[in-house]
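Counting along the sequence shown from 1, when you hit position 109 you're at 113 in my numbering, and nothing is skipped either side.
Just so it is clear, CB atoms sit at the ideal spot from N, CA and C, and this is done for glycine as well.
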Amino acid sequence: MSDALVLDVVLAGVAALSAGFAAWQAYEARRSRVEARSAAEDSTRMVAALEAQAVAQQELVKQGATGDWSPLEHRDGDLYVTMNTSGRGLRVFQIVAEPEAASSLVRSRAELPVLVPNGGQLQLLISRRFGLSVESVKLTWVTGKTEIGEIVFYL
5 MSDALVLDVV
15 LAGVAALSAG
25 FAAWQAYEAR
35 RSRVEARSAA
45 EDSTRMVAAL
55 EAQAVAQQEL
65 VKQGATGDWS
75 PLEHRDGDLY
85 VTMNTSGRGL
95 RVFQIVAEPE
105 AASSLVRSRA
115 ELPVLVPNGG
125 QLQLLISRRF
135 GLSVESVKLT
145 WVTGKTEIGE
155 IVFYL
């Protein structure tokens, strides 16, 4: 074999290896672009979700400040208290615990229905039992003759 032929074969081999390496780099670059695009879309969705959550939290703060009841406050032992902040008397006629199996763990200190005047407190006794706890308490009340309201307190 002549030197020129050997040189041509070696150069062709190097060119083939270079082409293969370039193709591999192009494949990896494309895959990286796809992953980056996916990550950017995920980030955009996450930012939108966080913004929606922030708006929802601001609404909850507003409701807590101007709603019919103050946040449920743990006082001592089994005693929890919420205050009527509605500006009018509210007649509470139902208290429901979740999960339903925990309903026997929640009771009002006053017999239902109970009229809670504006600025007055509703005192709830929320017990705990091994293996069973109250996750939330829903109050249902009426103002006047027909207006019914509900609020859920999460513990």
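Residue i, buried or exposed, once every other Cβ within 10 Å from all chains shown has been counted against 16
i: Asp-12; result: exposed
i: Asn-88; result: buried
i: Thr-150; result: exposed
i: Ile-152; result: exposed
i: Thr-86; result: buried
i: Val-138; result: buried
Sheet register partners of residue i (DSSP bridge)
i: Val-85; result: Glu-77, Gln-127
i: Trp-145; result: Val-96, Gly-153
i: Leu-159; result: DSSP, once it has assigned bridges, lists no residue as partnering Leu-159.
i: Leu-136; result: Arg-133
i: Leu-11; result: Answer is none; Leu-11 lacks a bridge partner.
Assigned secondary structure, residue i (DSSP; H/G/I helix, E/B strand, else coil)
i: Glu-102; result: strand
i: Ser-90; result: coil
i: Asp-72; result: coil
Range covered by the beta strand (DSSP E) that runs through residue i
i: Ser-112; result: 110–112
i: Leu-116; result: Note, Leu-116: premise wrong, no beta strand (DSSP E); not H, not E.
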